[in-house]
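Colleague: Each residue of the sequence shown is one higher than the one before, counting from 185 in our numbering.
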Amino acid sequence: MELTGKRVLVLEDEFLIGMELERIANDCGAKSVHVVSTVAELLFWIDSQQPCDIAILEVQARGASSFEAARLLLQRGIPLVFATAYDQQRGGIPGFANVPVVLKPYGKSHILQAVTAAAFKVSHSTAVAKDDDTSGEFV
């Protein structure tokens, strides 16, 4: 999946990293990129029924987990990617076996590879895992 024409939703609490993700998405042809810095903003965005085609979510933003929001997005069939700086989450997030993880620092190729995997997994399976299969390293 390329980002051409896609509406991208990003949760990132580090301003410069959020700007970099926005730049990457725009460089890859995204139609729009909306960056939020807190889970509360993310949940508000989701609850307001604003459309997006793909989401890139930091696992922890300002001390709050993005997992509730991730489940809501997956229930709506929206592919997502987790981003994290924690090496122990490199292989995946328990309970989200089909959600790719990118380890910070990442580059454009890592994001595109993860977005492609996320779109494929959502279109071919149930994205919220029932087991602990945590494959999906993109570093």
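For each residue, glycine too, the CB sits at the ideal point set by N, CA and C.
If you're wondering where the values come from, they're calculated on a predicted model, not measured in any experiment.
Just verifying my parser: in three-state terms, what is the DSSP assignment at Q234?
Modeller: Coil.
Colleague: DSSP three-state label for L256, please.
Modeller: Note: L256 maps to helix in three-state DSSP.
Colleague: Short of 7 Å in beta carbon distance, which residues of its chain neighbour G213, apart from the five on each side in sequence? Order them along the chain.
Modeller: Same-chain partners within the cutoff: E186, L187, T188, G189.
Colleague: Using only CA atoms, which one of A302, K292, R274, L287 lies nearest to A254?
Modeller: The shortest Cα separation from A254 among A302, K292, R274, L287 belongs to A302.
Colleague: The beta strand (DSSP E) spanning L193 covers which residue range?
Modeller: Here the beta strand (DSSP E) through L193 covers 191-195.
Colleague: Can you tell me the Cβ-Cβ gap for L138 and A239, rounded? I've got them flagged as a contact below 8 Å.
Modeller: No answer is possible for residue 138: the residues shown for the chain start at 185 and end at 323.
Colleague: Where F266 and I277 are concerned, what is the direct C-alpha to C-alpha distance, given to the nearest angstrom?
Modeller: Cα to Cα, F266 sits roughly 8 Å from I277.
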